[in-house]
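Colleague: Attaching a single structure in structure tokens format; questions to follow.
Residue numbers (our numbering): 36 to 680.
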């Protein structure tokens, strides 16, 4: 369905271009053969028409504009009248017939070249622009090409059409608008149009839209109820297609409703023109909704069938189709507004060439997007690494691609650069690698270590979480302080989260297996080795310094004690003098106190000598411990630090 739609879009664009080119080619051929009624010299010397009747479209538009201004004399210049015809009468009759049942072709279908449409079944000098249907009578609206005596070539409504008008309006009946017009609105105008026609047109537009919307809404919900019973699945079209579809249907029926009601042709044609524009806008709107629905269904189906590589292609294709549709709609809308499509397409080609030369980087990015989608190094939803960034691809656009990083930011990369980068796609992994290392102390028995390695190798190979791709446990390295045991295996997992969960299980099982053996895990350590001779010399200096300080402290203590004894002697002497003066008993007590003080001083001296001896013994023991501790150290001075990983 999508392929058919794209094919139809391409054919529509090509057909439009072919029509324009065929008109130019046919006109050139007719000019060479002289079929168009003019020679090459006449073409070069042709004089522009003062009334703008040089093309069939301009003739129709000029005639309707003159009727809207009620300038019947100006309107008569667009009719091929004979000298005996009354211009005002003929114009009034012609307008009456057009109001009763005249239907002009849309502006885009009316040829806009001086030669006219040479591919129809009419003579080269005639052009069909519509038809008048009143009752059971039908008169074609024909234009004929006229060449004046001055060499002017222009188009006018043919005399055959004008001769048939009186017969058409012979049984003319008043229109619905004229019959049901309020008397107060009769003859009044607004913006150059009859108030009755404006009121009737506005009423019909509003009522037809409401009626059409209700009918489309009912039809959609009936289809929504019946579709699941017939196909067994929900209706793929969303409910947002109701409004544009109602506008399209209203635009199709509004023209016939206004003709049936008898709205004046001077108001009906401008309304039809803008109705055509509204219908093209609504059609474009509807097709955009349908495109979104089709591609959304295709993307969901791709995910359902695990064809994720198609998602990026569908996303880019959706944007290209929308861009082509919008370009086509803009061309048609401008054509309805009266712009020359031939000149516009030619200008578009020249402008496109200039744009291509001035926007080389943009074209490079466009080509890069095609390369990214065609080569598919990554797809939407893949986790990848490119350059200095890594993250999840969220969109691959026409100009650039967007990647959401682990910091939840969006990085926009031009597709021209993105297609030339080295891209590492993590989502494309078919399995995850389990690669870790164990560090065991060198104090473990090598036989125990070797047996543990063999048992762990068999354990990993038989574990229910590992596959048979590559399972191996080996001694990777012999370091000075530890054995390095490497464990390697591959694990099947649908994503990184599932792999981390399985890796946790493997860690616990492996550590439980290692705990069964008499081995210890090596922890990070730091060791410092210095020269023994220098260390002993430094310690002896410290001990001597400490000893001298202790002796000085003891000497200061003795001096203090001597001073105390002198003070005591002085006190005792003073006491003796006072005692001798006062009484004899007091001298005896002083002698006894003096003997006690001397005994105390002697005891302090013995304690001091004992303490000095204890300090010397402690220093000797400390030296012996230092020598015993560093007896295995290197005699040569050295200094090294290392950390175990």
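Even glycine gets a Cβ: it sits at the ideal position worked out from N, Cα and C.
#1: Are the beta-carbon atoms of residue 550 and residue 474 separated by less than 8 Å?
#2: Short check: CB of residue 271 to CB of residue 328, under 8 Å?
#3: Would you decide whether residue 410 is buried or exposed? Buried here means 16 or more other CB atoms lie within 10 Å of its CB.
#4: Classify residue 649 as helix, strand or coil using the three-state DSSP reduction.
#5: Near residue 555, what residues of its chain come up, given a Cβ to Cβ distance below 8 Å and the 5 sequence neighbours on each side ignored?
#6: What separation, rounded to the nearest whole angstrom, lies between the Cα atoms of residue 324 and residue 281?
#7: Among the candidates 471, 508, 503, whose CA atom is the shortest distance from the CA of residue 486?
#8: Please confirm whether residue 88 and residue 107 have their CB atoms less than 8 Å apart.
#9: So residue 497 is in the alpha helix (DSSP H); what residue range does that whole segment cover?
#10: Straight-line CA distance for residue 553 to residue 484?
#11: Looking at residue 457: is its Cβ nearer than 8 Å to the Cβ of residue 521?
#12: Compare the C-alpha of residue 400 against each of 367, 351, 178, 365 and name the closest.
#13: Kindly give me the distance between the Cβ atoms of residue 175 and residue 163, rounded to whole angstroms, as I take these residues to be in contact under 8 Å.
#14: Once the 5 residues before and after residue 494 are set aside, which same chain residues still bring their CB inside 7 Å of it?
#15: Alpha carbon to alpha carbon, how far is residue 435 from residue 354?
#16: If you scan the segment 272 to 307 from start to end, which runs of the alpha helix (DSSP H) of 4 or more residues do you find wholly inside it?
#17: Quick one: Cα of residue 370 to Cα of residue 402, how far?
#18: Compute every distance between the C-beta of residue 474 and the non-hydrogen atoms of the ligand GTP, then say whether any falls below 7 Å.
#19: Quick check on residue 369: does DSSP put it in helix, strand or coil?
#20: For the segment 283 to 299 against the segment 245 to 263, do three or more pairs of beta-carbon atoms, one drawn from each stretch, fall closer than 8 Å, so that the two count as touching?
#21: Taking the DSSP output, what are the residues bridged to residue 178?
#22: With burial defined as no fewer than 16 other Cβ atoms inside 10 Å of the residue's Cβ, what is the status of residue 232: buried or exposed?
#23: Does the distance from the C-beta atom of residue 294 to that of residue 130 stay below 8 Å?
#24: So residue 161 and residue 179 are in contact, right, with Cβ under 8 Å, and what is the actual spacing, rounded?
#25: Quickly, what does DSSP pair residue 470 with across the bridge? List them, please.
#26: Could you give the distance in angstroms between the alpha-carbon of residue 298 and the alpha-carbon of residue 242?
#27: Less than 8 Å between the beta carbons of residue 540 and residue 500, yes or no?
#28: Would residue 191 pass as a contact of residue 94 if the rule is Cβ separation under 8 Å?
#29: Less than 7 Å between C-beta atoms, sequence neighbours within five positions excluded: which residues of the same chain meet that for residue 470?
#30: Determine the contact status of residue 460 and residue 407, defining contact as a CB-CB distance below 8 Å.
#31: Closer than 6 Å by C-beta to residue 255: which residues in its own chain qualify, once you throw out the five before and the five after it? Chain order, please.
#32: Once the 5 residues before and after residue 64 are set aside, which same chain residues still bring their CB inside 7 Å of it?
#33: Name the two residues that bound the continuous alpha helix (DSSP H) containing residue 111.
#34: Please state the DSSP three-state secondary structure of residue 477.
#35: Buried or exposed, going by whether 16 or more other CB atoms sit within 10 Å of the CB of residue 73?
Modeller: Walking through what the data contain:
#1: no
#2: yes
#3: exposed
#4: helix
#5: 475, 476, 478, 479
#6: 14 Å
#7: 508
#8: no
#9: 481 to 497
#10: 9 Å
#11: no
#12: 351
#13: 6 Å
#14: 548
#15: 13 Å
#16: 277 to 296
#17: 31 Å
#18: Only the bare structure without any ligand can be found here, which leaves the ligand GTP out of the picture.
#19: helix
#20: yes
#21: 162, 192
#22: buried
#23: no
#24: 5 Å
#25: 523
#26: 15 Å
#27: yes
#28: yes
#29: 523
#30: no
#31: 277
#32: Below a pLDDT of 50, predicted positions are generally treated as unreliable, and residue 64, at 37, falls in that range; the measurement from the model is reported next regardless. No residues qualify anywhere along the chain.
#33: 107 to 111
#34: coil
#35: In this predicted model, residue 73 has a pLDDT of only 40, less than 50, meaning its place in the structure is not dependable enough to derive any value.
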